[in-house]
Amino acid sequence: DAGVIQSPRHEVTEMGQEVTLRCKPISGHNSLFWYRQTMMRGLELLIYFNNNVPIDDSGMPEDRFSAKMPNASFSTLKIQPSEPRDSAVYFCASNRGSGNTIYFGEGSWLTVV
Amino acid sequence: AQSVAQPEDQVNVAEGNPLTVKCTYSVSGNPYLFWYVQYPNRGLQFLLKYITGDNLVKGSYGFEAEFNKSQTSFHLKKPSALVSDSALYFCAVRPHPSYSGAGSYQLTFGKGTKLSVIP
Numbered sequence: 206d207a208g209v210i211q212s213p214r215h216e217v218t219e220m221g222q223e224v225t226l227r228c229k230p231i232s233g234h235n236s237l238f239w240y241r242q243t244m245m246r247g248l249e250l251l252i253y254f255n256n257n258v259p260i261d262d263s264g265m266p267e268d269r270f271s272a273k274m275p276n277a278s279f280s281t282l283k284i285q286p287s288e289p290r291d292s293a294v295y296f297c298a299s300n301r302g303s304g305n306t307i308y309f310g311e312g313s314w315l316t317v318v
Numbered sequence: 103a104q105s106v107a108q109p110e111d112q113v114n115v116a117e118g119n120p121l122t123v124k125c126t127y128s129v130s131g132n133p134y135l136f137w138y139v140q141y142p143n144r145g146l147q148f149l150l151k152y153i154t155g156d157n158l159v160k161g162s163y164g165f166e167a168e169f170n171k172s173q174t175s176f177h178l179k180k181p182s183a184l185v186s187d188s189a190l191y192f193c194a195v196r197p198h199p200s201y202s203g204a205g206s207y208q209l210t211f212g213k214g215t216k217l218s219v220i221p
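Same order as they appear, the protein sequences are chains A and B. Heads up: the first sequence runs through residues 206 to 318, numbered per my numbering. Heads up: the second sequence runs through residues 103 to 221, numbered per my numbering.
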């Protein structure tokens with residue numbers, strides 16, 4: 206099993222630029238989560254998809270953030286325009302159905318300067 | 103809404119000694135409880151989980167955790183710490199899948215406890 210695959214692993218970008226983070230969940234998993242990790246706020250759930258449909262996006266900080274899941278094997282998290290306060294580690298995670306263990310990717314480490 | 107408390111930001115333990123990382127939780131209904139470990143510059147790795155049954159759960163790398171319903175706790179333990187166990191440990195909780203209220207799918211994490219094992 207390849208695990209959850211995220212890209213890029215590291216990104217440094219200038220304020221105002223668009224950032225796109227990508228995720229491939231574990232094959233067969235039908236739930237996908239995007240989390241953000243910062244020192245100040247810890248791990249925050251940004252958005253949850255089930256069967257490719259966004260179920261809860263209440264954690265998305267503002268309209269600059271958007272996420273899509275066009276098919277069962279791919280999701281994107283986009284920030285446009287990016288700001289320095291968006292600097293964080295963004296994790297994608299997936300699981301197979303309610304209650305099962307959630308598995309995390311290695312994260313995308315974003316720095317906005 | 104569910105919540106997790108990890109009362110210690112940091113735990114220091116000598117190599118070979120037993121270790122405990124504390125976790126208490128609040129959730130509607132019966133809980134599903136998890137421990138994850140994060141090594142520097144890495145993602146979260148699943149260690150173990152409690153769903154039902156035996157209150158003592160065994161997981162990866164020799165770790166175990168004890169579920170205590172009356173104290174709403176799920177402390178992580180290991181009989182003999184290794185230097186390589188040094189990492190950030192997260193406790194997490196979600197409601198039992200039979201719970202259909204708001205956020206029923208959501209895994210809520212504690213703020214993490216940094217474990218340092220001293221040679």
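All C-beta atoms, glycine included, are put in the ideal place defined by N, C-alpha and C.
Applying the 10 Å Cβ sphere with the 16-neighbour rule, what's the burial state of A:SER280?
With 16 or more other Cβ atoms within 10 Å, it is buried.
So, B:PRO120 versus B:TYR127, is the Cβ gap smaller than 7 angstroms?
Result no, Cβ atoms of B:PRO120 and B:TYR127 do not sit closer than 7 angstroms.
Check the Cβ of A:GLY221 against every Cβ in chain B and list those closer than 8 angstroms, keeping chain order.
Neighbours of A:GLY221 in chain B, taken as residues whose beta carbon is under 8 angstroms from its own, are absent, since the nearest beta carbon is some 27 angstroms off.
Please list, in chain order, all residues of the same chain as A:PHE270 whose beta carbon is under 6 angstroms from its beta carbon, the five residues on each side excluded.
Excluding sequence neighbours, A:PHE270 sits near ILE284.
Closer than 7 angstroms to chain B by CB, A:THR248:
Note on identity: in this sequence residue 248 of chain A is Leu, with Thr being the wrong assignment. At least one beta carbon of chain B lies nearer than 7 angstroms to the beta carbon of A:LEU248.
Is any beta-carbon of chain B found at less than 7 angstroms from that of A:THR218?
Cβ-Cβ to chain B under 7 angstroms: no for A:THR218.
Beta-carbon proximity check, A:ASN255 vs A:SER236, cutoff 7 angstroms:
In this structure, A:SER236 lies closer than 7 angstroms to A:ASN255 by Cβ.
In whole angstroms, give me the CA-to-CA distance for B:LYS171 and B:HIS177.
Computed Cα separation, rounded: 12 angstroms.
With three or more beta-carbon pairs closer than 8 angstroms as the criterion, would you say the segment 223-233 of chain A touches the segment 284-301 of chain A?
Segments in contact, yes.
Short check: CB of B:LYS213 to CB of B:GLN108, under 7 angstroms?
Yes. Within cutoff.
Name the residue from B:GLN173, B:GLN112 and B:ALA167 whose alpha carbon lies nearest to the alpha carbon of B:LEU158.
Nearest Cα to B:LEU158 within the set B:GLN173, B:GLN112 and B:ALA167: B:ALA167.
Span of the beta strand (DSSP E) around B:GLU168:
166-170 is the span of the beta strand (DSSP E), which, as asked, contains B:GLU168.
Which chain B residues sit within Cβ distance under 8 angstroms of A:GLU311?
What A:GLU311 touches in chain B: ARG144 and GLY145.
Kindly indicate the opening and closing residues of the beta strand (DSSP E) around A:ALA293.
For A:ALA293, the uninterrupted beta strand (DSSP E) segment begins and ends at 293-300.
Report buried or exposed for B:ILE220, applying the criterion of at least 16 other Cβ atoms within 10 angstroms of its Cβ.
Flag for B:ILE220 reads exposed.
Do you know whose CA, among A:PHE238, A:ASN300 and A:THR218, lies nearest A:ARG290's CA?
Per the Cα distances, A:THR218.
Compare the Cα-Cα distances from B:LEU146 to each of A:TYR295, A:ASN305 and A:THR316 and report the closest residue.
Of the listed residues, the one whose Cα sits closest to B:LEU146 is A:TYR295.
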